[in-house]
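**Q** The structure's right below; bear with me while I get my questions together.
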Amino acid sequence: MKKTARLAVSIALISFVLFSCAKKETVRPEAWSPATPSELIDRITYDNIDTLSGTASIRIFNDGEYAAYLTGAVNYKRPASLSMSVFGPFGITVMKILLAEGVFEIYIPNKDTLYTARLNIHFLLPTKKQLRSYRADVAERADDYMLN
């Protein structure tokens, strides 16, 4: 029995030494250089965009004097649906804007009022030529870019 156990252990050790795999090397991909605002604008094609989401900062001035600061959430869904929620202090919804199927609606919850009009969303979207003209207005920030 002892011989059989020793033989089994010896065979196991020899097989580990002979048939073990070589150390695998980790292949690291090359680091990409950050894209410039001009490169990002050049890559934009509306054909590939199905949805967009973002945030908005709105500063309101009355006769040149600061009146209010609002934030918002903007969503675009292809082919022609745009919605925006505007929030006041403490996250209270000040207004909701919806543009879908050519109908433009603005709802003001605190007045329980809905304004409606007909409008085509494609008139609101910039053309590629207009996007290229915005290059001078693109400001670089720490982790992303923003149009001023």
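Under the working numbering, think of the first position of the sequence shown as 21, with each following residue one higher. Glycine is no exception: its CB is placed at the ideal position from the N, C-alpha and C atoms.
#1: Quick one: measure Cβ to Cβ for residue 90 and residue 106, integer angstroms, because I've assumed they're closer than 8 Å.
#2: Return the chain-ordered list of same chain residues with a C-beta closer than 6 Å to the C-beta of residue 135, the five sequence neighbours on each side being excluded.
#3: Whole beta strand (DSSP E) runs in the segment 92 to 120 with 3 or more residues, listed along the chain?
#4: What do you get for residue 167, buried or exposed, if any count of 16 or more other CB atoms within 10 angstroms of its CB means buried?
#5: Note down the Cα distance separating residue 27 from residue 45, rounded to an integer number of angstroms.
#6: Between the C-alpha atoms of residue 76 and residue 104, what's the straight-line distance to the nearest angstrom?
#7: Compute the Euclidean distance between the alpha carbons of residue 128 and residue 121, then round it to the nearest angstrom.
#8: Kindly indicate which three-state DSSP category residue 125 falls into: helix, strand or coil?
#9: Per DSSP, which residues does residue 85 bridge with? Please list them.
#10: Using three-state DSSP, classify residue 60 as helix, strand or coil.
#11: If you drop the 5 nearest sequence neighbours on each side, which residues of the same chain put their C-beta closer than 7 Å to that of residue 87?
#12: Between which two residues does the beta strand (DSSP E) containing residue 137 stretch?
#13: Which value, in whole angstroms, describes the spacing of the CA atoms of residue 98 and residue 109?
**A** So, to answer that:
#1: That pair is a contact at about 5 Å.
#2: Sequence-distant Cβ neighbours of residue 135 in its own chain, meaning closer than 6 Å and more than five residues away, are 126.
#3: Within the segment 92 to 120, the complete beta strand (DSSP E) runs of at least 3 residues fall at 101 to 107 and 113 to 120.
#4: In this prediction, residue 167 has a pLDDT of 48, which is less than 50 and means its spatial position is unreliable; what the coordinates show is noted afterwards. Using a 10 angstroms sphere on the CB of residue 167, the tally of other CB atoms stays under 16, which defines it as exposed.
#5: Near 34 Å, if we compare the C-alpha coordinates of residue 45 and residue 27.
#6: When the Cα atoms are used, residue 76 and residue 104 turn out to be separated by approximately 9 Å.
#7: Each residue's alpha carbon lies about 21 Å from the other.
#8: Residue 125 falls in the strand class under three-state DSSP.
#9: DSSP, once it has assigned bridges, lists 82 as partnering residue 85.
#10: Here residue 60 sits in helix by DSSP.
#11: The residues are 80 and 81.
#12: It spans 133 to 138 - the beta strand (DSSP E) in which residue 137 sits, taken as one unbroken run.
#13: Answer to the nearest angstrom: the Cα atoms are 31 Å apart.
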